[in-house]
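Heads up: the sequence lines are chains A and B, in that order.
Going by the working numbering, the residue at position 326 of the first sequence is 332; the numbering climbs one at a time, nothing skipped.
Going by the working numbering, the residue at position 113 of the second sequence is 119; the numbering climbs one at a time, nothing skipped.
Glycine residues also receive a C-beta, built at the ideal position from the N, C-alpha and C atoms.
Below: one structure, written as structure tokens.
There are 2 protein chains.
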Amino acid sequence: MESVDLIIDARWIIPVEPDRQVLEHHSIVIHGGRILALLPTAEMQSRFSTHEHVRRSTHLVIPGLINAHTHGAMSLLRGVADDLPFDTWLHKRIFPLEQRFVSAEFVREGSELAFAEMLLAGTTCVADWYFYPDESARVAAELHMRACIGAPIADFPAPWSRGAGDYLSQGLALHDAWRDHPLITTALGPHSPYLVGDATFERIRTYADQLDATVMIHLHESAAEIEQSLAVHGLRPIERLRRLGLLSPRMIAVHFTQAEPVDIATAAQAGISVVHCPASNLKLGNGVAPAQAMLEAGLNVALGTDGAASNNTLDLLGEMRLAALLAKGSSRDPTVLDAATAVRMATLNGARALGLDSETGSLVPGKWADLCCVNLDAPATLPVYSPLSQVVYAAAREQVSDVWVAGKHLVRDREFTLLDPDRLRHQTTRWNERIGSHVERPA
Amino acid sequence: MESVDLIIDARWIIPVEPDRQVLEHHSIVIHGGRILALLPTAEMQSRFSTHEHVRRSTHLVIPGLINAHTHGAMSLLRGVADDLPFDTWLHKRIFPLEQRFVSAEFVREGSELAFAEMLLAGTTCVADWYFYPDESARVAAELHMRACIGAPIADFPAPWSRGAGDYLSQGLALHDAWRDHPLITTALGPHSPYLVGDATFERIRTYADQLDATVMIHLHESAAEIEQSLAVHGLRPIERLRRLGLLSPRMIAVHFTQAEPVDIATAAQAGISVVHCPASNLKLGNGVAPAQAMLEAGLNVALGTDGAASNNTLDLLGEMRLAALLAKGSSRDPTVLDAATAVRMATLNGARALGLDSETGSLVPGKWADLCCVNLDAPATLPVYSPLSQVVYAAAREQVSDVWVAGKHLVRDREFTLLDPDRLRHQTTRWNERIGSHVERPA
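What follows is the structure, given as structure tokens:
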């Protein structure tokens, strides 16, 4: 008998690799934070022993969800500005509140709120991207959550930075500070084609090449962005980036709602990843990204929630369901973007976008044990004919019972093991009071 | 001091009438099952006393949600057939399973599962419509849930009925059996224009006029329905119904995804209600009903989940959010279908569709105390700047803590007071096993 750190018995397991597989009455054997084996529970019992044996008899285990795009700290601005025109939302509400309130403390406490919400909902890995990225990185590391932290870059000053050069040097410092951390990676984050000029893009390309760094950018989010790029540069934004040499498999294009066939072809040829943020795109009136066409073109399409100021939740199970429903509704074809595809987008495709697919995103021996349990024993998810259908179309965040990152049990029976919910509530309430008096009420 | 049955103190209350009002630190005073008063908690303390005082200090109270369209018993078929073409879904999967399994027992136990799911998610009133409607009515009455039970009518035989005449006589018997029940009303439910001929529609019109009965019908659900009607009758379905004299404020048109301006004008002129079922319409590939255009035309638009075989949840909070997001995304205008409108659609508009708006749907003295508490004290719904935004864009079903119907506490701290969850689990598991061996697995 081989002694190991942890064994989880599950009613069902969806490992994501191989594609579409659903295992019944299997166990996951974990040692040193990594998956050692997946095998029938009956077989496991004769081969492995452990002091920590978790039995989940009505649960489905899936890889931990990967939120490939958010601005975590903006959870403190959840609900400050809904149902408004995009320009009013951004320039009259969000930017002034950020100018007044964003600080290292805001980012630390806002990120903690966001990561807490995500962990409870089964997210084990997040691409976070906001001012004071070092603070978010520290919070993720403290909570033992996996994160790719983007350093924002723009040609205008912000609460955190005086301008392009300053952003870049802080981004490089972030990269150096976290380069050897087992849970944290970093990325360069030029905000968008409309807030970054060619000279800055060229410097980003140079650094990205030297460091082999991931580059994340908001791309083709709104119709106005395309029009402005055509007017100023005579090019669609993605074509401008292509000519600047920015497109590569390290690039993550977020949103891509305005994606014509020519844009999809350019993206597919360069092998970039796309992060589909369906709730945010709908809520801000930007439409629906053609996720099915992108998948058919061979693009790697992951899922993101965007920030809580434009969603207003950080719930990957919800985005999975919405992505599947929208693809069917907008194509008038109920067979597209099926349940298995939705689960892969929220797990393995996210890992691939972040360059982490050899480490996480599926339940394969050798990868980190990043996973979550979804309890299907509830009126909303019974009976169970297809666990894949159930997790995409019927289950919701409250059914996530347990979460592990690199084998560490972070959520147990819906309770945090590391995080103090009273402290979180207390610090969030202080921001609620401080910011609340500056929030305009709807008429 | 006036002694009353029940007082609920809430951090926030959204009464829906007046429109957009949010009350803070108010109490709801309930006596004889009805709302006696809404007033500031401080004022209540000097005027009323009670043996049952419920204090909800981090909660929002809203009217109980009204699911204006479902087929409750189909919860036993949840997940049997996803990601399939519409015709395969209906004719190759759903109809054969219904032929084999639908019985009085199926409807009784399936309805109980559905009503349990809905109650836990804050739904206090449901328009249910399936075979053996007397069974669903009995289950709703036993659970003390408010329901409008539709008797199905079609020109073809089904597990429950031998044909049009039989359907009609059973529908009339249903009406007679429940006419004096305080919680249950009934309706005539011709399936759709394509499964009901003119002669049967004329009989339905006669009975509806005599009984002043609500008539519910699936209308303009798919593009194929419009094409078929044009081919067979030379008329769009709603125009055919208009000529048959079926359109009136008692009529509820469910789906209405294929609604051209001329259809909306016809519907608005007749004063019918529409039930928008956004998740089901997307999932079956039927597109998005133009909810905003209907609201602007003055139509009463309510919300429904449809059955669990095409959604796959019965979650009105989720439909509220989806309706708001879709209206914004499809119109490219983030200001349309705002949070207050979404809440009204899920409450008062549903009551109006069912002819119950003098009895329920808003928190107004004199109406039944049908209401639910949503606990906003969770990482996903903090901070709270706008309770209206929060309940539509951030809250989810698990945050429903308490539910009352006509003043009776049916869900207390997320636990049923009347229903035995073990019995429900046991009987659902039996159906899972019985039906499961007949469900085709996806390839």
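| Item | Value |
| --- | --- |
| CA-to-CA distance, aspartate 383 (chain A) to leucine 149 (chain B), given in whole angstroms | 21 Å |
| 9 Å Cβ cutoff, aspartate 292 (chain B) in contact with chain A | A small fix is needed here, since residue 292 (chain B) is asparagine in this sequence, not aspartate. Yes, asparagine 292 (chain B) lies at the interface with chain A (some Cβ there is under 9 Å from its Cβ). |
| Bridge partner(s) assigned by DSSP for glutamate 421 (chain A) | A:Arg418 |
| Contact with chain B by aspartate 321 (chain A), beta-carbon distance below 9 Å | yes |
| Where phenylalanine 54 (chain A) falls: helix, strand or coil (DSSP) | strand |
| Distance, methionine 222 (chain B) Cα to threonine 212 (chain B) Cα | 15 Å |
| Backbone secondary structure at asparagine 318 (chain A) - three-state DSSP | coil |
| Pair within 9 Å by beta-carbon distance, proline 199 (chain A) and serine 235 (chain A) | yes |
| Presumed contact (8 Å Cβ cut-off) between isoleucine 19 (chain B) and leucine 29 (chain B), rounded CB distance | 4 Å |
| Assigned exposure category for tyrosine 138 (chain A) - 16 Cβ within 10 Å defines buried | buried |
| Helix, strand or coil at valine 113 (chain A) [DSSP, three-state] | helix |
| Neighbourhood of alanine 449 (chain A) by C-beta, 8 Å cutoff - its chain only, sequence neighbours within 5 removed | Low per-residue confidence applies at alanine 449 (chain A): pLDDT is 45, beneath 50, and the placement is therefore not dependable, though the value from the model is reported in the following sentence. Cβ neighbours of alanine 449 (chain A) beyond the five flanking positions: none. |
| Length at least 4, wholly inside the segment 258-298 of chain A: the alpha helix (DSSP H) runs in chain order | 267-276, 284-289 |
| Cβ-based neighbour list, histidine 32 (chain A), same chain, cut-off 7 Å, excluding 5 preceding and 5 following | Ala16, Ile19, Leu44, Leu45, Pro46, Thr47 |
| Cα-Cα separation between alanine 133 (chain A) and isoleucine 155 (chain A), rounded to whole angstroms | 6 Å |
| Near-chain B residues of the segment 180-210 of chain A - C-beta to any C-beta below 7 Å | none |
| Valine 294 (chain B) beta carbon less than 9 Å from that of serine 336 (chain B) | yes |
| Residue closest to alanine 299 (chain B), alpha-carbon to alpha-carbon, out of B:Asp339, B:Leu323, B:Leu320, B:Gly291 | B:Asp339 |
| Residues of the segment 427-446 of chain A with Cβ closer than 9 Å to any Cβ of chain B, in chain order | Pro427, Leu430, Arg431, Thr434, Thr435, Trp437, Asn438, Glu439, Ile441, Gly442, Val445 |
| Of the listed residues A:His77, A:Met257, A:Gly372, nearest to glutamine 275 (chain A) (C-alpha basis) | A:Met257 |
| Neighbouring residues, chain A, relative to tyrosine 391 (chain B) (Cβ below 7 Å) | Gly85, Val86, Gly442, Val445 |
| Arginine 144 (chain A) to glycine 361 (chain B) span [Cα, whole Å] | 57 Å |
| Residue environment, histidine 57 (chain A), which counts as buried when at least 16 other CB atoms sit within 10 Å | exposed |
| Residues in the segment 391-423 of chain B having any Cβ partner in chain A nearer than 7 Å | Tyr391, Ser392, Ser395, Gln396, Tyr399, Ala400, Ala402, Arg403, Glu404 |
| Rounded straight-line distance, which links the Cα of leucine 305 (chain B) to that of valine 301 (chain A) | Sequence check: residue 301 (chain A) is leucine here, not valine. Their Cα atoms are separated by approximately 39 Å. |
| Beta-bridge pairing of isoleucine 19 (chain B) - partner residues as DSSP gives them | B:Leu29, B:Val67 |
| 9 Å Cβ cutoff met for phenylalanine 112 (chain A) and alanine 164 (chain A) | no |
| Backbone CA spacing between alanine 147 (chain A) and threonine 130 (chain A) [nearest angstrom] | 12 Å |
| Interfacial residues, the segment 371-391 of chain B to chain A, with Cβ spacing under 9 Å | Asp383, Ala384, Pro385, Ala386, Thr387, Leu388, Pro389, Val390, Tyr391 |
| Nearest neighbour of arginine 350 (chain A), chosen from A:Thr220, A:Gln27, A:Ala259, A:His444 [CA to CA] | A:Gln27 |
| Residue burial classification, histidine 444 (chain A) (beta-carbon count within 10 angstroms, cutoff 16) | exposed |
| Closer than 7 Å at the beta carbon, the chain A residues around asparagine 287 (chain B) | Gly335 |
| Contact residues within the segment 307-319 of chain B, judged by C-beta distance below 8 Å to chain A | Ala314, Asn317, Asn318, Thr319 |
| Exposed unless 16 or more other CB atoms sit within 10 angstroms - verdict on threonine 263 (chain A) | buried |
| Cβ-based contacts, 8 Å cut-off: residues of the segment 87-98 of chain A near chain B | Asp88, Asp89, Leu90, Pro91, Phe92, Trp95 |
| Limits of the unbroken alpha helix (DSSP H) element including aspartate 172 (chain B) | 170-184 |
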